Amino acid sequence: MTRFLLKRLGLALITLFLLSVIVFAVSTVLPGNVGRAVLGPFATQESVDALNEQLGTNRSVFVQYVEWAGGLLHGDLGTSLTKQLPARDLLGPALSNSFKLAFVAFLICVPLSIVGGVISGLRYGRPTDKAITIAGISFAAMPEFVTGILLILVFSIWLGWLPVTAQWEEGANVLTQVKYLLLPAMTLTLVLFGYIARITRAGMIEALDSDYARTAYLKGLPSSVVVRRHLLRNALLPTIAVVAVQIGYLVGGLVVVEVLFNYQGIGLLIYEAARQKDLPLLTAGVLVVGITYLVVTLIADILYALLNPRIRFGTAE
Amino acid sequence: MSVVVPPTPAAPLPARSEARTARSERLRLLLRSPTVVIGVIVMGFWLFCAIFTDLVTPHDPIFDNQFTPSESPTWSHPFGTDTNGRDIFSRVLAGSRNVLLIAPAATLLGTVLGTMLGLVTGYLRGVVDDVVSRLVDAVLSLPLIVTAILIVTAVGKSGTWVVVLIIGLIFTPVVSRTVRAAVLSETELDYVQAARLRGERAPYIMFSEILPNVLSPVVVEFTVRLGYAIFAVASLTFIGFGVAPPSPDWAAQINQYWTLIDPYWWMTLFPALAIASLVVAVNLVADGVREVYER
């Protein structure tokens, strides 16, 4: 177990290092002249030079990377060009807003998808299974802005039940906040449902096919007990792994959903930084997204290992 | 000491016809699934509209001020008109063009590059494989849309071919990972050993011996990626990092009009339904292909 943990942690650190190199390379080397890229073709040469001087982009790439990465290790994510604030101060609240939205989305999505997947698996090959599977594939395939717009049309504009944007007034209580978060969360839920339900369904089908399931049924246990005690435990293991991967996806989905609902999360921040060509803020935002993903998958892997006796006792990698 | 070289079976004819039977069997299975057939019909419809745009659109999709602007759906304009006085029905019919050019091109690029990378890393293994695998992990820790936004901003411009390149390059590691896994199990098999012992060069073994045997996962990967590509192109265009107006692209229309959704819902709803129909169709087909190939 310790060996597994150390190995997993080491891999995560290497990946993190490479991620920082890639993000740095794209944002610093790709534009050629960063000052020109930020200020555009009509800025004077002096102002471009001045910005390059200020950003330090006129030095060698290696020196720049070392300095930037050194800053990162001290928690310095750089300074936003447009807002003249440390990127950290902007990213912190945005990230916590995004987590809030993701949390509500998962709260709706995970139970719903698992129930959907279990029903689908139990009714394998029948119309109910087909209907759930096709609905899952269809919603998973639709871009978030399409699902989001359809939800807005139905629930905000035609029925008038929920607000169009996710912008609540300052100091709104939790219940009001949840009401504002419901539509964006439902948008993310619809996209995620298909993935999670599909894995749960596959796990159920495999578990149903096993000897222990047959034994449990044949010794006369009621169906609900077999499902709860015997099938779910085994079927849910792969689900945990897939849920973790979907959290990574979720961050990408957040960009579109947050733009659509005008919600001040990390997705909207990245979008605005890109629109305003605020490269330092954009770079920091992208890196934070990558780190979030790496941390979440690391936690999920450890959780998976703890729940899976084959890894816990070191009999399998 | 003389080594007895086993006679190498030189691509026997039965094997080839067997492959053909397998192919027609797969096709038969595919066409038996109603969801696949519906998917193919919808995809075919949009492809037809993309190729014969001038034939199917009742009005010009691009010129401004042809009709009274912002009219809700009527018999003469079943999807209404937009704020620029254009017939939305015509624009929706013409709107599949961009996405049906960009998405397959990007998917093809990603599949070809990814297959090559997967063959090389899976066959050579060792240091090359380790380094590439870690790089792939790093790239995949960023969501596609975020990477695309970063690259578009860094490059400073967007457009059809920029989007093709970006999505193709981001797909490369994803495809390579699948192909690599398939190659790893192939290299254990006798025919690869035999080719090695014959003294064949690595490129020949990779592309002439192994590649034909890992084509199934490549085909599956292509169809699945195609769905994602449409998803990605549409999302990028929606947030304004893809093709721009006045192109009648569906996502570009939504980008332009969704802030007016109340009360001008028809300007957004119909392009949204069009995107939905296409992505669902592609994914139904992809799902069928995966089921048939992975059985």
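Chains U and Y supply the protein sequences, listed in that same order. This note's numbering numbers the first residue of the first sequence as -15 and each following residue consecutively. This note's numbering numbers the first residue of the second sequence as 64 and each following residue consecutively. Ideal Cβ placement from N, Cα and C applies to all residues, glycine included. Every value quoted in this text rests on a predicted model; they were computed, and no experiment measured them.
Sub-8 Å separation of residue i and residue j beta-carbons
i                 : j                 : result
Ser239 of chain Y : Thr184 of chain Y : yes
Glu249 of chain Y : Asn276 of chain Y : yes
Ala181 of chain U : Ser97 of chain U  : yes
Ile286 of chain U : Leu0 of chain U   : no
Gly143 of chain Y : Ser135 of chain Y : yes
Leu289 of chain Y : Ala166 of chain Y : yes
Val237 of chain Y : Gly177 of chain Y : yes
Thr149 of chain U : Asn81 of chain U  : no
Ser194 of chain U : Leu167 of chain U : no
Tyr320 of chain Y : Asp145 of chain Y : yes
Ile133 of chain U : Ile317 of chain Y : yes
Ala257 of chain U : Leu61 of chain U  : no
Pro206 of chain U : Ala71 of chain U  : no
Val279 of chain U : Val209 of chain Y : no
Pro127 of chain U : Phe301 of chain Y : yes
Ala201 of chain Y : Ile6 of chain U   : yes
Nearest-angstrom beta carbon gap, residue j and residue i [assumed within contact, 8 Å]
i                 : j                 : result
Leu146 of chain U : Lys163 of chain U : 7 Å
Gly274 of chain U : Leu205 of chain Y : 5 Å
Ser298 of chain Y : Phe129 of chain U : 7 Å
Thr223 of chain U : Thr173 of chain U : Not really, about 15 Å apart at Cβ, beyond 8 Å.
Thr281 of chain U : Val235 of chain U : No, Thr281 of chain U and Val235 of chain U are not in contact; Cβ-Cβ is about 12 Å, not under 8 Å.
Thr239 of chain U : Ile254 of chain U : The amino acid at residue 239 of chain U is misidentified as Thr; the sequence shows Val. Val239 of chain U to Ile254 of chain U, Cβ: 6 Å. Contact.
Leu182 of chain Y : Thr235 of chain Y : The pair is not a contact, with the Cβ atoms about 13 Å apart (cut-off 8 Å).
Ala169 of chain U : Val88 of chain U  : 4 Å
Val218 of chain Y : Leu14 of chain U  : 6 Å
Gly55 of chain U  : Ile189 of chain U : Contact doesn't hold; Cβ gap of about 50 Å is too wide.
Residues bridged to residue i (per DSSP)
i                 : result
Asp192 of chain Y : Partner(s): none; Asp192 of chain Y has no beta bridge.
Thr144 of chain Y : Y:Asp150
8 Å Cβ shell around residue i - same chain, five flanking residues per side excluded
i                 : result
Ala197 of chain U : Ala191, Val210, His214, Leu215
Ser159 of chain Y : Trp109, Leu110, Cys112, Ala113, Trp313, Ala337, Leu341
Leu51 of chain U  : At residue 51 of chain U the sequence reads Glu, which differs from the Leu that was named. Result list for Glu51 of chain U: Gly40, in chain order.
Ile283 of chain U : Ala228
Arg259 of chain Y : Ile268
Tyr356 of chain Y : Arg89, Ser279, Pro280, Val282, Val283
Pro70 of chain Y  : At Pro70 of chain Y the pLDDT is 49, less than 50, meaning the model places this residue with poor confidence and gives no usable figure here.
Gly204 of chain U : none
Thr286 of chain Y : Val345, Val348, Ala349, Val352, Arg353
Met64 of chain Y  : Because Met64 of chain Y sits at a pLDDT of 42, beneath the cut-off of 50, its placement in the model cannot be relied upon, and the point is left open.
Glu272 of chain Y : Tyr254, Val255, Ala258, Glu263
Cβ-based neighbour list, residue i, same chain, cut-off 7 Å, excluding 5 preceding and 5 following
i                 : result
Ala303 of chain U : Shown here, chain U extends from -15 to 301; a query on residue 303 of chain U therefore has no answer.
Pro72 of chain Y  : Reliability fails at Pro72 of chain Y, whose pLDDT of 48 lies under 50, so the model's placement of it is uncertain and the value that follows must be treated cautiously. Same-chain partners within the cutoff: there are none.
Ala307 of chain Y : Ala315
Ile214 of chain Y : Ile229
Val199 of chain Y : Pro236, Ser239, Arg240
Trp152 of chain U : Thr160, Gln161, Tyr164
Arg20 of chain U  : Val32
Close beta carbons around residue i, own chain, < 6 Å, minus the five adjacent residues each side
i                 : result
Pro141 of chain Y : Phe152
Asp3 of chain U   : Correcting the residue type first, residue 3 of chain U is Leu in the shown sequence and not Asp. Here the set comprises Gly274.
Glu301 of chain U : Model confidence at Glu301 of chain U stands at a pLDDT of 43, short of 50, so the residue's coordinates are unreliable; what they give is reported in the following sentence. So the list is empty, once near-sequence residues are dropped.
Val66 of chain Y  : Unreliable placement is indicated for Val66 of chain Y, whose pLDDT of 48 sits below 50; the coordinate value is still reported in the next sentence. No residues qualify anywhere along the chain.
Leu176 of chain U : Cys93, Gln230
Ile324 of chain Y : Thr331
Thr251 of chain U : It should be noted that the sequence gives Gly, not Thr, for residue 251 of chain U. Taken in chain order, the residues that qualify are Leu238, Val239, Glu242.
Arg107 of chain U : Asp113
Val195 of chain Y : Thr184
Ala74 of chain Y  : Confidence at Ala74 of chain Y is low in this model, with a pLDDT of 47, below 50, so the placement of that residue is unreliable and no value is reported for it.
Arg154 of chain Y : Pro124, Pro311
Tyr288 of chain U : Ile224, Ala225
The ligand ADP heavy atom lying under 7 Å from the CB of residue i
i                 : result
Val215 of chain Y : Of ligands this structure carries none, so the ligand ADP is not represented either.
Only counting runs of 3 or more residues, tell me where the beta strand (DSSP E) segments fall wholly within the segment 15 to 85 of chain U, in order along the chain.
none
Identify every run of the alpha helix (DSSP H) within the segment 70 to 138 of chain Y, keeping only runs that are complete inside it and at least 4 residues long; order them along the chain.
76 to 95, 97 to 114, 116 to 119
Under 9 Å (Cβ pairs) to chain C, residues found in the segment 232 to 259 of chain U:
Considering every chain present, this structure includes no chain C. Its protein chains are U and Y.
Kindly provide the ranges of any beta strand (DSSP E) runs that are 3 or more residues long and lie completely inside the segment 237 to 287 of chain U, ordered along the chain.
none
Could you name each continuous alpha helix (DSSP H) segment of 4 residues or more that falls completely within the segment 194 to 219 of chain U, going from the start of the chain to the end?
195 to 202
Length at least 4, wholly inside the segment 310 to 346 of chain Y: the alpha helix (DSSP H) runs in chain order
313 to 320
Minimum length 4: unbroken alpha helix (DSSP H) runs contained in the segment 221 to 281 of chain Y:
223 to 249, 253 to 260
Within the segment 89 to 130 of chain U, ranges of the alpha helix (DSSP H) (whole runs, at least 4 residues):
111 to 125
Complete alpha helix (DSSP H) runs within the segment 148 to 194 of chain U (minimum length 4 residues, chain order)
158 to 192
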